[in-house]
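In the numbering used here, the protein residues as written are 1110 to 1682.
A quick write-up on the structure given underneath.
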């Protein structure tokens, strides 16, 4: 593998990590080492103040932090080293477990001071160090032997993920970053890689916030309310100023002026148009929060017009990840499928849960406010997993059964995704599957594909090589699921119990929706496969199926079992 191959990997991987259609396993991660330190600091604060009531929440965050700290070579320690930090984290958790769900006040304050000190030392320098580390890894002058291919790319991959996280943490939007690195990849001007990378480094290290004008079009149902809102809220105007109207050539709907139309206009500074739209939307929300009587029946806008010195364009307030379309066959009509289930299956308990979950999924999808989306998706998930016994914690059931459903499907889901990917590259026949190919056919495909695909195939091959590797693959996935489900639950508690206003929820909300839709699809598959059952089914049968299957697959951990015993169908949800 040459230096040019590694540089090509960097370009392909940056685009993949930031693309909204990428499988969640390959998209940009939630945290890098800096953001996890910040999250841990917030959790320790909440634990100290009593807002976080479960030591498990702290424990999961510390485990995630340790994994990232162990891998990272860019983080700077001002008065200790990595080993001492690890020992402090282990010691803190061990001492805290003895106190069960009571905070060790002195120990928590000491660890909080340590974490905040490390975060402060790295907050402003990590981006530069991460870019420099990537440049070092992309500038090797000697070819890398085939045996070192995967470990070398693993290391580069870690820092690419960290870099993407850092861009997002510092205030860039993912849509802007994707567009930037798509242009970097396509390189229509044929700029040498070293020059392009140097330009990229200079752009992001020297970038400063730009001035934007953001305009939301408001459509009132009541002209009296429109007049009151215009009078009370400074940023609302009846029509846009002439200088702005003169700039508008395509978005003519922003030139409409009548008794029911108003425009919310705000000037903001930000790094890009995606972020400035969200910041302006927060201003709009804050103004509306204090003028509820004037916005009755007003639907919050989901798009805005963004103007800069050099351009004018429409922007969405939030961009959500698409669901992974890994199933080759056409989607099955949802209504028709449920009608068949209703007629042929004794399953009132499950159908009630299914209907309620679908209702809140639809309500969530129709919301512009991100908090409302999140809460409705969570309510839908709770409807599915809730116990009929009030003494049983719904979250404990979600934490137990949701990972079992997802881990049982994980291997097949990823193989189906690889199949779709390879068919898109025209190296796999429609009726073939990667897991059933001969070694010779696999090697032939590996030789034909680009370096990113080659890396994916070699990683998958290694993970599926034997039973122990598959078990470890599933175990790692379950650990990541447990980290993320705990994070989602903590955010849910902050929204509901503390009435917190969270700024950066789009990624977590997308993940929550994926968990919900995937579970709903599996629930529908379960019911369609048991249409002739004479026993009345309830949710315990569905959850019990995956509980037993999870135990079986851990003992009989083969690719054939994962592929044959799991159904992954797609319904129009």
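Every residue, glycine too, gets a C-beta built ideally from N, C-alpha and C.
Buried or exposed (CB count within 10 angstroms, at least 16 for buried), residue i
i	result
residue 1257	exposed
residue 1188	exposed
residue 1242	buried
residue 1382	buried
residue 1653	exposed
residue 1638	exposed
residue 1442	exposed
residue 1661	exposed
residue 1270	buried
residue 1498	exposed
residue 1631	buried
residue 1141	buried
residue 1362	exposed
residue 1454	buried
residue 1595	buried
residue 1260	exposed
residue 1606	exposed
residue 1512	buried
residue 1313	buried
residue 1215	exposed
residue 1267	buried
Identity of the residues DSSP links to residue i by a beta bridge
i	result
residue 1376	1322
residue 1422	1415
residue 1327	1371
residue 1345	1373
Local conformation of residue i per DSSP, three classes
i	result
residue 1300	coil
residue 1441	strand
residue 1502	coil
residue 1128	coil
residue 1383	helix
residue 1259	helix
residue 1212	coil
residue 1406	coil
residue 1206	helix
residue 1151	helix
residue 1226	helix
residue 1398	helix
residue 1647	coil
residue 1339	helix
residue 1355	helix
residue 1162	coil
residue 1146	helix
residue 1122	helix
residue 1133	coil
residue 1669	helix
residue 1251	coil
residue 1310	helix
residue 1350	coil
residue 1234	coil
residue 1639	coil
residue 1510	helix
residue 1676	coil
residue 1567	helix
residue 1315	helix
residue 1139	coil
residue 1117	helix
residue 1365	coil
heavy atom of the ligand COA below 7 angstroms from residue i C-beta
i	result
residue 1223	With respect to small molecules bound, the structure shown includes none, and the ligand COA cannot be examined in it.
Would you check if the region 1246 to 1257 and the region 1334 to 1351 touch, i.e. whether three or more CB-CB distances between them fall below 8 angstroms?
no
Report yes or no: do the region 1581 to 1594 and the region 1463 to 1479 share at least 3 C-beta pairs separated by less than 8 angstroms?
no
Kindly provide the ranges of any beta strand (DSSP E) runs that are 3 or more residues long and lie completely inside the region 1267 to 1297, ordered along the chain.
none
Do the region 1483 to 1496 and the region 1521 to 1540 touch if we need at least three Cβ pairs shorter than 8 angstroms?
no
If we count Cβ pairs, one from each stretch, closer than 8 angstroms, do we get three or more for the region 1148 to 1159 versus the region 1124 to 1136?
no
Which full runs of the alpha helix (DSSP H) of 4+ residues lie inside the region 1529 to 1565, going along the chain?
1548 to 1557
As an exercise, report each continuous alpha helix (DSSP H) stretch of at least 4 residues that is fully enclosed by the region 1455 to 1496, in chain order.
1457 to 1474 and 1479 to 1494
Within 8 angstroms, do at least three Cβ pairs link the region 1453 to 1468 to the region 1564 to 1581?
no
Whole alpha helix (DSSP H) runs in the region 1572 to 1630 with 4 or more residues, listed along the chain?
1576 to 1606
How about the region 1364 to 1372 and the region 1308 to 1322: do they share at least three Cβ pairs that are nearer than 8 angstroms?
no
So, do the region 1284 to 1299 and the region 1165 to 1173 have three or more beta carbon pairs nearer to each other than 8 angstroms?
no
Across the region 1615 to 1633 and the region 1191 to 1207, are there enough close Cβ pairs to call them in contact, namely three or more that are closer than 8 angstroms?
no
Between the region 1411 to 1430 and the region 1323 to 1331, do at least 3 Cβ pairs fall closer than 8 angstroms?
yes
Determine, using beta-carbon pairs with one atom in the region 1619 to 1627 and one in the region 1173 to 1191, whether at least three such pairs fall under 8 angstroms.
no
Spell out a yes or no on whether the region 1391 to 1406 and the region 1333 to 1344 are touching, meaning 3 or more CB-CB pairs, one atom from each, closer than 8 angstroms.
yes
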